[in-house]
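One structure below.
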Amino acid sequence: NHERRGSRSRQRLPDLPVAVNHPMAAGADGTVYVFGGYVGPGLEAPTDRAFALGHDGWRELAPMPEPRAAGGAAAVDGRIYVAGGVGPQGLAGSMLVFDPGTGRWDTLDGPPTPREHLGVAGTSGHVYVMGGRTGGIGTNLNAAEAFDVGDGRWITLPVMPTPRGGIAAGAGGGYVVAAGGEADTTFAEAEAFDVEAARWVSLPAMSTPRHGLGVVAVGDVVYAIAGGEVPGLAVSNVVEAVDLGELG
Numbered sequence: 318n319h320e321r322r323g324s325r326s327r328q329r330l331p332d333l334p335v336a337v338n339h340p341m342a343a344g345a346d347g348t349v350y351v352f353g354g355y356v357g358p359g360l361e362a363p364t365d366r367a368f369a370l371g372h373d374g375w376r377e378l379a380p381m382p383e384p385r386a387a388g389g390a391a392a393v394d395g396r397i398y399v400a401g402g403v404g405p406q407g408l409a410g411s412m413l414v415f416d417p418g419t420g421r422w423d424t425l426d427g428p429p430t431p432r433e434h435l436g437v438a439g440t441s442g443h444v445y446v447m448g449g450r451t452g453g454i455g456t457n458l459n460a461a462e463a464f465d466v467g468d469g470r471w472i473t474l475p476v477m478p479t480p481r482g483g484i485a486a487g488a489g490g491g492y493v494v495a496a497g498g499e500a501d502t503t504f505a506e507a508e509a510f511d512v513e514a515a516r517w518v519s520l521p522a523m524s525t526p527r528h529g530l531g532v533v534a535v536g537d538v539v540y541a542i543a544g545g546e547v548p549g550l551a552v553s554n555v556v557e558a559v560d561l562g563e564l565g
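Start counting at 1 in the sequence shown, then tack on 317, and there's your number in our numbering.
Here you go:
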């Protein structure tokens with residue numbers, strides 16, 4: 318893997334219209350979507366607000382069917398799926414689906430294993446949900462499941478080798494990568510689920526163990542961005558990458 322520090326050419330974009338913590342975000346067709354998150358004086362109450370960032374700045378979308386925070390989002394086949402997380406009554410049991418074409422929301426059954434602080438990624442007509450936890454950092458899970466958007470059913474996958482929450486996931490090169498996490502310490506582990514072979518493979522460990530990071534794939538290259546180097550509230554500016562094409 319390759320660690321990248323410092324700054325390349327970056328552009329400051331407009332601030333999100335509302336301050337949030339633990340929102341869900343996804344990109345689709347050149348637009349960035351941000352859903353929910355915690356709001357309020359202590360940033361502890363889930364919100365149902367949703368926004369999209371295009372060339373003309375942020376615009377507010379129709380609110381989600383229910384407030385949601387600490388889940389994940391992924392775009393698959395023209396729709397965006399918000400899975401896992403915390404709703405008004407605790408761990409969310411539903412999956413929220415946004416159609417950018419109509420601006421409308423739908424509600425489907427959520428992952429068979431309700432959880433928060435999970436990794437969510439979309440590829441090959443499926444929404445993949447990896448790891449997460451049911452509460453504090455002592456409740457980490459290794460559950461791995463996928464939603465087939467074609468037939469509308471959930472599939473149980475082989476469990477993730479390392480149980481962890483506070484992770485992120487990204488899809489590229491025929492793999493779904495799950496990286497980072499926290500328990501008593503932070504995780505350097507990165508593991509990839511081979512979609513075609515339906516098996517997990519280990520990737521080189523991240524040079525900087527982190528939780529609460531972002532993971533995104535550009536072609537075969539997966540980037541692990543920022544996150545906290547110690548459990549709890551922490552930040553970093555570390556960016557690392559791994560080339561999935563090297564898996565052979």
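Idealized CB from N, CA, C, for every residue including glycine.
Leaving out five residues before and five after V538 in sequence, what residues of the same chain have Cβ atoms less than 6 Å from its Cβ?
-> Translated into positions along the sequence shown, residue 538 becomes position 221. Spatial neighbours of V538 in its own chain (CB-CB distance under 6 Å, excluding positions within 5 residues in sequence) are listed in chain order as A558 and D560.
Could you give the uninterrupted runs of the beta strand (DSSP E) lying entirely in the region 369 to 437, keeping only those of 3 residues or more?
-> Entirely contained in the region 369 to 437, the beta strand (DSSP E) runs reaching 3 residues are, in chain order, 374 to 377, 389 to 393, 396 to 400, 411 to 416 and 421 to 426.
Tell me whether the beta-carbon of T419 lies closer than 8 Å to the beta-carbon of P382.
-> To locate residue 419, count along the sequence shown from 1; it is residue 102. To locate residue 382, count along the sequence shown from 1; it is residue 65. Result no, Cβ atoms of T419 and P382 do not sit closer than 8 Å.
For T430, is the classification buried or exposed, using 16 other Cβ atoms within 10 angstroms of its Cβ as the cut-off for buried?
-> Your numbering for residue 430 matches position 113 in the sequence shown. Buried.
Go through its chain and collect everything with a Cβ distance to E513's Cβ below 8 Å, but skip five positions before and after it.
-> Within the sequence shown, residue 513 is the residue found at index 196, counting from 1. Closer than 8 Å at Cβ, skipping near neighbours: G491.
Would you call the CB atoms of N457 and G482 closer than 8 Å?
-> For the purposes of this step, residue 457 is taken as residue 140 along the sequence shown, with counting starting at 1. For the purposes of this step, residue 482 is taken as residue 165 along the sequence shown, with counting starting at 1. Here N457 is near G482, since their CB atoms are less than 8 Å apart.
Ignore the nearest five residues each way along the sequence and tell me which others in L370's own chain have a CB closer than 6 Å to its CB.
-> One-based indexing of the sequence shown puts residue 370 at position 53. The residues are V349.
Mark P521 as exposed unless 16 or more other C-beta atoms lie within 10 angstroms of its C-beta, in which case mark it buried.
-> Stepping through the sequence shown from its first residue, residue 521 is reached at position 204. Answer is exposed; the Cβ neighbour count stays below 16.
Can you tell me which of the three DSSP states E508 falls into?
-> Locating residue 508 in the sequence shown gives position 191, counting from the first residue. If DSSP states are grouped into helix, strand and coil, E508 belongs with the strands.
Helix, strand or coil at E513 [DSSP, three-state] | Position 196 of the sequence shown holds residue 513. Reduced to three states, the DSSP call for E513 is coil.
Specify the secondary structure class of E563 as computed by DSSP and reduced to three states.
-> For the purposes of this step, residue 563 is taken as the residue at position 246 of the sequence shown. Helix.
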